[in-house]
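Novice: Supplied in structure tokens, the structure appears directly below.
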Amino acid sequence: MQKIDKILVGTHNKGKFIEISDLLPKKIEKISPINLDIESPVENGKTFEENSEIKANFFCEKSNLVTLSDDSGLEVDCLNGEPGIFSSRWADELGGFQNAMIKILDKVKKLNKNTNAQFVSSLTIRWPDGKKITETGIIKGNITDIKGTNGFGYDPIFIPKGYSKTFAEMNYLEKLKIDHRQVAYQKLFKKIKVYF
Ligand code: IMP
45 MQKIDKILVG THNKGKFIEI SDLLPKKIEK ISPINLDIES PVENGKTFEE
95 NSEIKANFFC EKSNLVTLSD DSGLEVDCLN GEPGIFSSRW ADELGGFQNA
145 MIKILDKVKK LNKNTNAQFV SSLTIRWPDG KKITETGIIK GNITDIKGTN
195 GFGYDPIFIP KGYSKTFAEM NYLEKLKIDH RQVAYQKLFK KIKVYF
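In this note's numbering, the protein residues as written are 45 to 240.
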């Protein structure tokens, strides 16, 4: 079995690149698709799993490197799981995450008082020979008014269950230890640690 000494972290999102890189063992070299001039694929899957696999396949085939990709997003219960796989697109279409967060808060306030939500991450590791493994992690929590300046994306409106501060009020390592990518990575790690 060939050990993995470098991994392409298949994302153009800087916040995600840092988080995924920090989940992996330090000794593994992490490569960004940006440094290899590889664009992002069209994400036309219907689930986080499908989109994660689309990204892993695309970046792996373009680079010929073992690739780890994530598709993730925020699902709000009273919005029937929206924005979900469209989390990034809501921000693009509304001119940024501040506006996307305001849209979510307005909708939740108008609809009811159910603020239950969850962050979901599907992580796919794909080898150049076609082998791939996907695992999904979820962290449940509640939507709240915008608080905190750390992190990225929807971090300022999400308080994980059992905590009293948003992801954006936590320091980087506090979030990294518990978030949806960590949950997905722990499941994946059990299956891939033999390659490290
Ligand atoms: P993707 O690159 O298509 O997977 O987009 C996922 C989007 O979901 C990101 O751009 C963020 O908006 C959001 N998202 C995913 N994970 C997180 C997180 O840990 N914190 C905040 N927002 C996140």
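Yeah, the Cβ is synthetic: ideal placement off N, Cα and C, and Gly gets one too.
Since the structure is predicted, the reported quantities are computational estimates derived from the model, not experimental observations.
What runs of the alpha helix (DSSP H), each 4 residues or longer, lie entirely inside the segment 47 to 107?
Specialist: Within the segment 47 to 107, the complete alpha helix (DSSP H) runs of at least 4 residues are 58 to 67 and 92 to 107.
Novice: Residue ranges of each alpha helix (DSSP H) run of no fewer than 4 residues wholly in the segment 178 to 222, ordered along the chain?
Specialist: Correct list: 216 to 222.
Novice: Roughly how many whole angstroms lie between the Cα atoms of Ala161 and Leu149?
Specialist: Each residue's Cα considered, the two are about 12 Å apart.
Novice: DSSP state of Leu232, grouped into three classes?
Specialist: Here Leu232 sits in helix by DSSP.
Novice: Compare the C-alpha of Lys99 against each of Asn57, Gly140 and Lys70 and name the closest.
Specialist: For the residues Asn57, Gly140 and Lys70, the minimum Cα distance to Lys99 belongs to Asn57.
Novice: In terms of residue numbering, what span does the alpha helix (DSSP H) encompassing Ile169 cover?
Specialist: From DSSP, Ile169 is part of no alpha helix (DSSP H) but of the beta strand (DSSP E) over Asn160 to Arg170.
Novice: Counting C-beta neighbours from all protein chains within 10 Å, is the total for Lys60 16 or more, i.e. buried, or is it exposed?
Specialist: The residue in question, Lys60, is buried, as its Cβ has 16 or more Cβ neighbours within 10 Å.
Novice: Measure the CB-CB distance between Ile48 and Thr55 and report whether it falls below 9 Å.
Specialist: Not a contact, by the Cβ cut-off of 9 Å.
Novice: Measuring straight from C-alpha to C-alpha, what distance separates Phe202 and Thr178?
Specialist: For Phe202 and Thr178, the distance between alpha carbons rounds to 25 Å.
Novice: Taking DSSP's pairing of strands, which residues face Asp114 in a bridge?
Specialist: Leu167.
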